[in-house]
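Just so we're aligned: the sequence shown equals residues 280 to 390 in the working numbering.
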Amino acid sequence: MIQKKVNYLFLAILLFIGFGNCISFGVNGPDSVGIFYSFNGRSEEYFNKIGPKQGKACQSSYLGLVAVGDSSIPTAAKDGKITQVTSISYEESKVLFGVITESLCTIVTGN
280 MIQKKVNYLF
290 LAILLFIGFG
300 NCISFGVNGP
310 DSVGIFYSFN
320 GRSEEYFNKI
330 GPKQGKACQS
340 SYLGLVAVGD
350 SSIPTAAKDG
360 KITQVTSISY
370 EESKVLFGVI
380 TESLCTIVTG
390 N
């Protein structure tokens, strides 16, 4: 009986870790690897030059159940009082493959 419970627990842990990357913001960055993960990247399509002003907008997800925030480009531009965006980059971080918490910030620069 105890062995059966241990097997179920082991299977549950494998599924928990295996499906952790299914909780995603859709960022075209590298796959997350490890219990703690952090990545900074930039948009190749929209990277002319670094502007003098910077704005940032973030969103977070907790346990894959609750998501809060707005990491859109217009929100980041509004934060930095930017009317003409010249570059876009992003920061992403995850804890336990994104299952516990995951955050994404969009960073724009411009005039």
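Ideal Cβ positions, reconstructed from N, Cα and C, are used throughout, including at glycine.
All values reported here derive from a predicted model rather than from experimental measurement.
Quick one: grab the DSSP three-state call for residue i.
| i | result |
| --- | --- |
| K267 | Past the boundaries of the shown model lies residue 267; the chain is included only from 280 to 390, so the question cannot be answered. |
| G377 | coil |
| K360 | coil |
| L383 | strand |
| N390 | coil |
What residue does the alpha helix (DSSP H) around residue i start on, and which one ends it?
| i | result |
| --- | --- |
| K373 | Element bounds for K373: not the alpha helix (DSSP H) but the beta strand (DSSP E), 364–374. |
In terms of alpha-carbon separation, which member of the options lies closest to residue i?
| i | options | result |
| --- | --- | --- |
| C384 | I281, I361, T354 | T354 |
| Y341 | Y369, K284, E381, S368 | E381 |
| V387 | S372, S350, G377, I379 | S350 |
| S322 | V285, K357, V364 | V364 |
| G343 | K284, I379, M280 | I379 |
Taking the beta strand (DSSP E) that residue i belongs to, which residues open and close that run?
| i | result |
| --- | --- |
| G348 | 345–348 |
Can you have a look at residue i and say buried or exposed, based on whether 16 or more other CB atoms are within 10 angstroms of its CB?
| i | result |
| --- | --- |
| S317 | exposed |
| K328 | exposed |
| A356 | buried |
| Y240 | Residue 240 cannot be examined here, being either before or after the span of the chain that is shown, 280 to 390. |
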